[in-house]
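Okay, structure first, notes after.
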Amino acid sequence: MTKTPNSVTMDESAERIILDRGVQGLVGKSVARIEGPLKTSGRADYANDTKLDGAAYGFVLTSEISLGRIKAIDVAAARSAAGVLAVIVDHPLLPSDGSAGNASLKRVPRDLPEVDSYGQAIGIVVAESFEAARSAARLVRVDYDEREGRYDTTRHLEDVEHEPKGGLIPDIKRGDIDAVMASAPVTLDITYTTPHYFPAAMEPHATVATWTGDGVEIHSSLQLLKTARAMIAASLDLDLSKVRVLAPYVGGGFGGKTGTGPEVILAAIASKETGRPVKVALTRRQTAHLVHHRADTHQRIRIACDDEGHILGIGHNSIVSQKAGRSFIEPVSLGTLAMYKGEARSFTQSAVRLNIPVAGAVRAPGEAVGSLALETAMDELAERFGMDPIAFRKLNEPEKDPLRGSPFSTRRLVDCYDEGARRFGWDRRNPTPGEVRDGEWLVGMGMAAATRINLLQESHARVSLRLDGGALVETDMTDIGTGTYTILAQIAGEMLGLPIDRIEVRLGDTNLPPSSGSGGSFGAASSGSSVALACETIIAELARRMDVSPDQLVLKDGVATARNVQSSLVDLLDGDDIAAEGVIKPGKTARAYSQAAHGAQFAEVGVNAVTGEVRVRRMLAVFDCGRILNARTARNQAIGGMIWGISYALHEEAVVDKRTGAFVTRDLAEYHVPVSADVPAVEAYFIEDPDRHANPLGVKGIGELGNAGAGAAVTNAIYNACGVRVRDFPMTLDKILAGLGPV
Amino acid sequence: MNLFEYSRPEDPSTAAKAGSADGASYIAGGTNLVDLMKLGIARPTRLVDVNRLDLAKIEWRSDGVLRIGAAARNSNLAADPGVRARFPMLSRAILSGASGQIRNVASTAGNLLQRTRCPYFYDGVSPCNKREPGKGCSATDGFNRIHAILGATDACIATHPSDMAVALLALGATVVTLKADGQTGRIALDDLYRLPGDTPNIETNLKSGELITHVELAAPPSGARQIYRKVRDRASFAFALVSVGGIVAMENGRIASAALAFGGLAPKPWRDPEVEQLLVGQAPSTEAFEAAADCLLKDAKGRGDNSFKIPLVRRTLIACLRDLTIDGAEA
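Going down the list, the sequences are from chains Y and X. In terms of our numbering, the first sequence is numbered consecutively and its last residue is 946. In terms of our numbering, the second sequence is numbered consecutively and its last residue is 335.
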């Protein structure tokens, strides 16, 4: 039997954490990934592993200019090359580039083959093998009418678009920051810059498309299936019902798979044209231009203080780049809005329009790069006052949201500082830079605060209690390596009183109830709540059948106990499954309470006194992100986020050639992310404080929180080690070298 | 498709003949060549696989010379107990390059002949005199952070990326070859490589089909101390921004002999005899080391992004020379 959906809108705070009724003891434990053995033995099929009979292979043709018109494309040689099935360059639905900020990938206007960024898709070659397709792609000759474009943000800082269309947060001005800056006794006014960053997921961006009648089935590597399905339908002029998207396993997204890439649409077009399933995988080098990147930023931080260090005013005014006409504007000041006290507040995001590939959401949009600037500035100011960086932050810790005046749902930041300092041994830090040496290495410690906005998205799930005594969880949610399969099994097991091996979880298929998808660190809260709500309906039905109230019912190990009656769940099923749907929707608590996760990040680094090389020696963080569902996967996400912090601070830089608008650092040999040797002991701890205002589970997002502040903790430690302050990220050795003393 | 003939001869003379055919290329580990073929930058019409030529041995001749087979894997060479004991800088240099997986298949000759990592060479599209002679160089006024400050010309400022070659150069290695006509050739490693001049597409002095069979190393001066120091952007799996391979012998508190080679600075592993001569006979001092750095860098030319290499190599050289000459440290 199927019940009506149990739908909860978060207009009111949860009276109690829904999971607290469970006694199975699964939630919060360190539980290994239930799909782990499939992944470690190669049996989990990622998009590019999808095997379909008769599959052909597509290779995306890309532009070799940034701006101009395509005068002619000569495909004759490619068409006649061995193994080539089709060369498609003039299809009316041909997409151009990534989807960030776009509902559809259709070219506008469609009849003009314009190129407006380097490496843009201009067609596809389909062949019997990947190698044949790639080789034939090199035979395509394109004649361009090229125009001069704008590629360098720093050259156009005077020509910005204020409050650009499609900004994610509005400009906010309260009080008069200029006047406060002019009159305050202590002020800081510094501009920090961050480069373009690639998402750099390990798994290729790959799609296999196949048609059945007038419907298309897309196996792809995507984070948000509901969104992707809508984009694909719009891009192909199809009804939503004609599109099925499958992404059962995703090998990392980092924001780069939140949209739908042109290769997805090209695969579908190519499959339609050739009558074969078509597999398209981007090469690593193609992803530089075909997958969106995070925009570079110029961030002016202004902080005005009184003589004692109380912040009187705070400004975080940024200029970011974005392709002309595209709408995702990196929300740089997002993490600054409610972070510290200060009556005067100015937060603006402006855009420089460039002719480079589209920018989009990458790993903690806003906070990741915003915290590099803000938390470095806080370190600089603390030193100005001769104060400990933690004491300075505590002095400016707000009791309520300093912008909106609303209460924090939960904010245990001060506890994070204290526990972090104790665990890290912060009291051993020498506040004077350059005084601690270990052989050739100058050693320093740094810290930074972390914050990440907490989000909830509408999410649906179906849970079925089955005749075999197990349960099935179904939702189109994705697991992008974060542990979704496992936490949903834990939640269902906890609620229904079943061991984890009795729970089957099916994800990543748009035929299943639509979920939040993975992004913005909202996945666990959203999809987890829907699963718990579905279970609540099943529990109510079980209680009804035992003639008790749900509160009287205790479920454990497949047995229901109420008063002094016991029954196995199978017996209660009465010959039929009980299926129920749960729905969670965001509501008024999102506005009534200021919701964010918080943390304190600590780093110890060595700076080589000869070469300026930086090696992180250890990192530690304490996070306040509500209830923890799985100690193992939570830690895993937290330290993953922290490692990206090392990456932002020290390594990553997507360099644009200022003459051509092409990314230069296109592969992982030149686009550096940390390797194991760069990642020392990294520890993450949690202060568990369930947030009743956030969602019925009391959880908050984790992954992106780990990004926030981690980079600044590293660079603040570099300053403490060697006295060199670099405000232009990444902090590579060439920038440190100039500040070091003689050898 | 770039179709090619593939052969796997069993003896070097057959290989050298096959390798002298038009469009032929030797392949051992393939860690670089296969990448370049995938990118369409290398398009050999014949691949001659040298893995069956019995050239993987690492042998010590009775005269103390180390004879390294051209197909010896980087991992095996680095782990060889004799190499570790007598040429520690070679082990260290090899282990500082690439990753364990790559070193397990990469060969000695392949390491010497690997191509530059210049991104404009790799992108297959930008003007590049190395890839398409006469088209111009995109790096000279482009993003040139990893590029050369010595030995380059406006035609090409690409660097040679090998670590191993730097150590071998400091150790005075000789490359032994088999020519297509069956003659054996012997080339000092320094002479294997050509500077770009205006023909950066011609990178070595090997003749058509000339097959590297061995690399030979004479015993180092007794009591000499060795160092290989690599400076890079991350702790592992990154090419050298600057590297220094050095071997110095001391006598009565003075430098008796010095051999220094540098990576990351030039289109080839770089060695400057003047720098070494300047040091011989000197007592270790900051002044002497500074003078050596001045000499090394007298013709250095930074081009913007790579200008930091000038102070970086100066500092690194001074630190290395200190380590090589400090009193009381173990030889």
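The beta carbon of each residue, even a glycine, is placed where N, CA and C say it ideally should be.
_Please report the distance separating the alpha-carbon of D591 (chain Y) from that of A507 (chain Y)._
18 Å
*Rank Y:M650, Y:G369, Y:L441 by C-alpha distance to the C-alpha of P534 (chain Y) and give the top, closest one.*
Y:G369
_R341 (chain Y) versus A289 (chain Y) - alpha carbon distance_ = Computed Cα separation, rounded: 14 Å.
_Status (buried if at least 16 other CB within 10 Å, exposed otherwise) for G44 (chain X)_ = By the neighbour-count criterion, in which a residue is buried when 16 or more other Cβ atoms sit within 10 angstroms of its Cβ, G44 (chain X) is exposed.
_Limits of the unbroken beta strand (DSSP E) element including P789 (chain Y)_ = 781–789
*Report yes if the CB atom of A576 (chain Y) is closer than 8 Å to the CB atom of L391 (chain Y), and no otherwise.*
No. Outside cutoff.
*Start and end of the alpha helix (DSSP H) containing Y347 (chain Y)?*
Looking at the DSSP string, Y347 (chain Y) is not in any alpha helix (DSSP H); the run it does join, the beta strand (DSSP E), is 344–349.
*asked:* For D248 (chain Y), tell me which candidate among Y:A727, Y:L710, Y:E739, Y:T868 has the shortest Cα-Cα distance.
replied: Y:L710
*Since N520 (chain Y) sits in a beta bridge, which residues does DSSP pair it with?*
Y:R503, Y:T551
*With a threshold of 16 other CB atoms inside 10 Å of the CB of V211 (chain Y), please say whether the residue is buried or exposed.*
buried
*Taking the C-alpha atoms as reference points, what is the distance between G458 (chain Y) and C299 (chain X)?*
One alpha carbon belongs to G458 (chain Y), the other to C299 (chain X), and they sit about 50 Å apart.
*Comparing the CB of K376 (chain Y) with every heavy atom of the ligand PLP, is any distance shorter than 7 Å?*
With respect to small molecules bound, the structure shown includes none, and the ligand PLP cannot be examined in it.
*Rounded to a whole number of angstroms, what is the C-alpha to C-alpha distance between I781 (chain Y) and Y395 (chain Y)?*
57 Å
*Three-state secondary structure assigned by DSSP to E891 (chain Y)*: coil
*Close beta carbons around P137 (chain X), own chain, < 6 Å, minus the five adjacent residues each side*: N205
*Kindly indicate which three-state DSSP category L353 (chain X) falls into: helix, strand or coil?*
The structure shown does not extend to residue 353 (chain X), since chain X is modelled only from 5 through 335, so no value can be given for it.
*Who pairs with I327 (chain Y) in a beta bridge, going by DSSP?*
DSSP lists Y:V263, Y:I291 as the beta-bridge partner residues of I327 (chain Y).
*Under a CB-based cut-off of 8 Å, is A404 (chain Y) close to chain X?*
no
*In whole angstroms, what is the alpha-carbon distance linking T37 (chain X) and A223 (chain X)?*
The residue asked about is misnamed: residue 37 (chain X) is Leu in this sequence, not Thr. If you take the alpha carbons of L37 (chain X) and A223 (chain X), they lie about 32 Å apart.
*Which residues of chain X have a Cβ atom closer than 7 Å to the Cβ of A857 (chain Y), listed in chain order?*
None at all; the shortest Cβ gap to chain X is about 11 Å.
*Which of helix, strand or coil does DSSP assign to Y688 (chain Y)?*
helix
*Exposed or buried, which one is D779 (chain Y) when buried takes at least 16 other CB atoms within 10 Å?*
Taking every protein chain shown into account, the CB of D779 (chain Y) has fewer than 16 other CB atoms within 10 angstroms, so this residue is exposed.
_One question on the structure: do I435 (chain Y) and I468 (chain Y) come within less than 8 Å of each other, judged by their Cβ atoms?_
Annotated as proximal: I435 (chain Y) and I468 (chain Y), with beta-carbon spacing under 8 Å.
*If the cut is a Cβ gap below 7 Å, which residues of chain Y does L40 (chain X) touch?*
Chain Y residues near L40 (chain X): none, gap ~13 Å exceeds 7 Å.
*G86 (chain X) versus H492 (chain Y) - alpha carbon distance*: 48 Å
_Beta carbon proximity, N6 (chain X) to chain Y, threshold 8 Å_ = Chain Y contact via Cβ: present.
*Under 6 Å Cβ to Cβ from I237 (chain Y), same chain only, skipping five residues before and after it: list those, please.*
Around I237 (chain Y): Y688, T689, A692.
*Residues of chain Y with a CB under 8 Å from the CB of A97 (chain X): which are they?*
The premise fails here: A97 (chain X) is roughly 17 Å from chain Y at the closest Cβ pair, so nothing lies under 8 Å.
*asked:* Tell me the residue span of the beta strand (DSSP E) that contains R655 (chain Y).
replied: 644–656
*asked:* Which residues in chain Y have a C-beta closer than 9 Å to the C-beta of F91 (chain X)? List them in chain order.
replied: What F91 (chain X) touches in chain Y: nothing, since even the nearest Cβ is about 24 Å away.
_Taking beta-carbon pairs under 9 Å, can you tell me which members of the stretch 10–35 of chain X lie near chain Y?_
From the stretch 10–35 of chain X, no residue has a Cβ closer than 9 Å to chain Y.
_Please classify P240 (chain Y) as buried or exposed, where buried requires at least 16 neighbouring CB atoms within 10 angstroms._
exposed
*Could you run through the stretch 163–182 of chain X and flag, in chain order, every residue whose CB is less than 7 Å away from some CB of chain Y?*
Correct list: empty, as no residue qualifies.
*asked:* Can you tell me where the alpha helix (DSSP H) holding A916 (chain Y) begins and where it ends?
replied: 913–925
_Closest Cα partner of A403 (chain Y) within the set Y:T486, Y:A450, Y:I421_ = For A403 (chain Y), the nearest C-alpha among the options comes from Y:T486.
*Using a C-beta cutoff of 8 Å, does A159 (chain X) count as contacting chain Y?*
no
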